[in-house]
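Chemist: Here's a structure for you.
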Amino acid sequence: MAVIELTSVRKSFGALDIIPGVDLKIEHGEFVVFVGPSGSGKSTLLRLVAGLEEATGGTIAIDGRDVTTLGPAERELAMVFQSYALYPHKTVRANMSFALEVAKVPRDEIRQQVDKVAALLQLTNLLERKPRELSGGQRQRVAIGRAIVREPVAFMFDEPLSNLDAALRIEMRLEIAKLHRRLGATMIYVTHDQTEAMTLADRIVVLDKGVIQQTGSPLQLYERPANLFVAQFIGSPKMNILNTGAAAAPLPDVPNAATHIGIRPEDISVCDPREGHLAGRIDVVERLGSDTFAYVTLADGTLVTVRAPRDSAATVGQQIGLRFQEGRIHAFDANGAGLAS
Ligand code: ADP
Ligand code: MG
5 MAVIELTSVR KSFGALDIIP GVDLKIEHGE FVVFVGPSGS GKSTLLRLVA
55 GLEEATGGTI AIDGRDVTTL GPAERELAMV FQSYALYPHK TVRANMSFAL
105 EVAKVPRDEI RQQVDKVAAL LQLTNLLERK PRELSGGQRQ RVAIGRAIVR
155 EPVAFMFDEP LSNLDAALRI EMRLEIAKLH RRLGATMIYV THDQTEAMTL
205 ADRIVVLDKG VIQQTGSPLQ LYERPANLFV AQFIGSPKMN ILNTGAAAAP
255 LPDVPNAATH IGIRPEDISV CDPREGHLAG RIDVVERLGS DTFAYVTLAD
305 GTLVTVRAPR DSAATVGQQI GLRFQEGRIH AFDANGAGLA S
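When we follow this note's numbering, the leftmost residue of the sequence shown carries the number 5, and every step to the right adds one.
Shown next as structure tokens:
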């Protein structure tokens, strides 16, 4: 386990300031997820922690030791990438043993350690196979196993599930969550997928353009987004954003400084067109079985997504009213900053 502390960490590539300055403390055993759109600097920040990139400024400390100028090997972290990068001609056991052999660990000890980790990851029956004889999920488990055998002080994952199909991604997501609970190790996990972030993280760090937009537990970010970026990035379907003038009926809990309000699809209910805060016409109805999503166009052309019950009577072309659930309206000022309401 390790405490990882970043203080004013900067990274530029030539004239490009990719990470203008990050302060972040990750506690012992914490599962922290860096999430943001492609190009937001997630991998760069992770690589800075791992020592695969050199910081342009600031300091990185692991358990109080300044590692800013140390190489990756001296930081004792393990990395798991999207590409498994297994040795194709070696067996699973040989792949998992390799780093320990390089470190001159005695043979018996390597065998014991690999057996232990293989059992943990349900790889025991696959130890004599070659990577090409494994499924994508099994290969990713071997890549994780190879990282674990070295007993690193912390784990770094960079989009480890992005190459897997949807069903397998969910299965592996659960396995990683269980693994974290069993090992109790500090983990930093990078993903562009907000669902993965929400389901895995103790704490999410939302990045945009190399800048931390907000840090908090999944529900803190969902319920109290600090700004419009976080409000629209976290949650699927996205939060609806409307001009404050759009509502026909008064909204009691919106501060005067607000220029925009946000309301999540599940916090809107459908009512008679003469009632409610807004009125519009249903353009598309999606029936997912568990939920129904109605896409409603308002008179001014704004599109609003509404989550309705599975057996909703919503039909395309219908004129409806929309009512906002009390206490669920988010308010934002002209700069996009969230306002307490
Ligand atoms: P993410 O992982 O969030 O998709 P990255 O950290 O890979 O984003 O990249 C952040 C930004 O830094 C991108 O604009 C990318 O083009 C740039 N970048 C990353 N590595 C380099 C590099 N070696 N040289 C120049 N620009 C880079
Ligand atoms: Mg990346």
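Even glycine gets a Cβ: it sits at the ideal position worked out from N, Cα and C.
All figures in this text were calculated on a predicted structure; none of them were measured in a lab.
Under the assumption that A335 contacts L343 (Cβ atoms under 8 Å), give the Cβ distance between them as a whole number of angstroms.
Modeler: About 4 Å; that satisfies the 8 Å criterion.
Chemist: Would you mind reading off the limits of the alpha helix (DSSP H) that contains N260?
Modeler: Where N260 is concerned, there is no enclosing alpha helix (DSSP H), given that its DSSP letter is neither H nor E.
Chemist: With which residues is G325 paired in a DSSP beta bridge?
Modeler: According to DSSP, G325 bridges with C275 and A283.
Chemist: Where L52 and V96 are concerned, what is the direct C-alpha to C-alpha distance, given to the nearest angstrom?
Modeler: Cα to Cα, the separation comes out at about 29 Å.
Chemist: Among L56, V37 and D27, which one has its Cα closest to the Cα of E78?
Modeler: Ranking L56, V37 and D27 by Cα distance to E78 puts L56 first.
Chemist: Could you please give the first and the last residue of the uninterrupted beta strand (DSSP E) stretch that includes V209?
Modeler: From DSSP, the beta strand (DSSP E) with V209 extends over R207 to D212.
Chemist: Starting from the Cα of L49, find the closest Cα among G25, F35 and I66 and give me that residue.
Modeler: Cα-wise, what sits closest to L49 is G25.
Chemist: With a threshold of 8 Å, are at least 3 pairs of Cβ atoms found where one atom belongs to the region 190-199 and the other to the region 229-244?
Modeler: Touching, yes, given that three or more Cβ pairs across the two stretches are closer than 8 Å.
Chemist: Within the structure, which residues are defined as neighbours of ligand 1 by a Cβ-heavy atom distance below 5 Å, reported in chain order?
Modeler: Checking every Cβ against the heavy atoms of ligand 1 under 5 Å gives F17, I22, S42, G43, S44, G45, K46, S47 and T48.
Chemist: Alpha carbon to alpha carbon, what distance is there between V258 and S273?
Modeler: So the two alpha carbons sit approximately 19 Å from each other.
Chemist: Could you give the first and the last residue of the continuous alpha helix (DSSP H) run that contains P76?
Modeler: Segment P76 to R79, the alpha helix (DSSP H) holding P76.
Chemist: Tell me which residues share the same chain as G33 and place their Cβ nearer than 8 Å to its Cβ, disregarding the 5 neighbours each side in the sequence.
Modeler: Closer than 8 Å at Cβ, skipping near neighbours: M5, G188, A189 and T190.
Chemist: Give the single residue among Q329, V300 and V320 whose Cα lies nearest to the Cα of P256.
Modeler: The residue with the shortest Cα to Cα distance from P256 is Q329.
Chemist: Just verifying my parser: in three-state terms, what is the DSSP assignment at N247?
Modeler: Here N247 sits in strand by DSSP.
Chemist: Figure out for me which residue from I286, P313 and E137 has the closest Cα to the Cα of L302.
Modeler: Nearest of I286, P313 and E137 to L302, Cα basis: I286.
Chemist: Pick from N99, L10 and A262: whose alpha carbon is nearest that of A59?
Modeler: Cα-wise, what sits closest to A59 is L10.
Chemist: On a Cα-Cα basis, can you pick out the residue from D271, I324, R268 and N244 that is closest to E279?
Modeler: It is I324 whose Cα lies nearest to the Cα of E279.
Chemist: Would you say the beta carbon of D162 is closer than 8 Å to some non-hydrogen atom of ligand 2?
Modeler: Checking the Cβ of D162 against ligand 2 gives yes.
Chemist: Is the beta carbon of M100 sitting closer than 9 Å to the one on M160?
Modeler: Contact flag unset, no.
Chemist: So, helix, strand or coil for Q224, using DSSP?
Modeler: In this structure, Q224 counts as helix in the three-state DSSP scheme.
Chemist: Run the CB neighbour count on T346, radius 10 Å, all protein chains shown included, and call it buried at 16 or more, exposed below.
Modeler: Because the chain spans 5 through 345 in this model, residue 346 falls outside it and cannot be assessed.
Chemist: Kindly indicate if chain C contains any beta-carbon less than 9 Å away from that of P24.
Modeler: Among the chains of the structure shown, chain C does not appear; only one protein chain is present.
Chemist: Just checking my contact of P156 with E227 at CB under 8 Å: how many whole Å lie between their CB atoms?
Modeler: Actually they are not in contact, since the Cβ atoms of P156 and E227 sit about 34 Å apart, beyond 8 Å.
Chemist: What I want to know is whether the C-beta of V194 ends up closer than 8 Å to one or more non-hydrogen atoms of ligand 2.
Modeler: Correct: V194 has its Cβ closer than 8 Å to ligand 2.
Chemist: Report buried or exposed for D271, applying the criterion of at least 16 other Cβ atoms within 10 angstroms of its Cβ.
Modeler: Buried, because 16 or more other Cβ atoms sit within 10 Å of the Cβ of D271.
Chemist: Less than 9 Å separating the beta-carbons of N244 and V289?
Modeler: Contact: no.
Chemist: Using 8 Å as the Cβ pair cut-off and three pairs as the minimum, do the region 28-48 and the region 207-227 touch?
Modeler: Contact holds: three or more Cβ-Cβ distances are below 8 Å.
Chemist: Within the continuous alpha helix (DSSP H) that includes E105, where are the two ends?
Modeler: From DSSP, the alpha helix (DSSP H) with E105 extends over V96 to V106.
Chemist: Residues in the same chain with beta-carbon distance under 6 Å from D348, minus the five sequence neighbours each way, listed in chain order, please.
Modeler: There is no way to answer for residue 348, as the model of the chain reaches only from 5 to 345.
Chemist: Check this for me: beta carbons of F35 and L204, under 9 Å apart or not?
Modeler: Contact: yes.
Chemist: Hey, would you say G266 sits closer than 9 Å to L232, going by beta carbons?
Modeler: Closer than 9 Å, so yes.
Chemist: Can you tell me the Cα-Cα spacing of I152 and S294, whole angstroms?
Modeler: Computed Cα separation, rounded: 38 Å.
Chemist: If you compare alpha carbons, which of S316, A312 and T248 is closest to D337?
Modeler: D337 has its Cα closest to that of T248, out of S316, A312 and T248.
Chemist: On a CA-only basis, which of V13, K29 and E105 is nearest I23? Give me that one, please.
Modeler: Nearest C-alpha to I23: V13.
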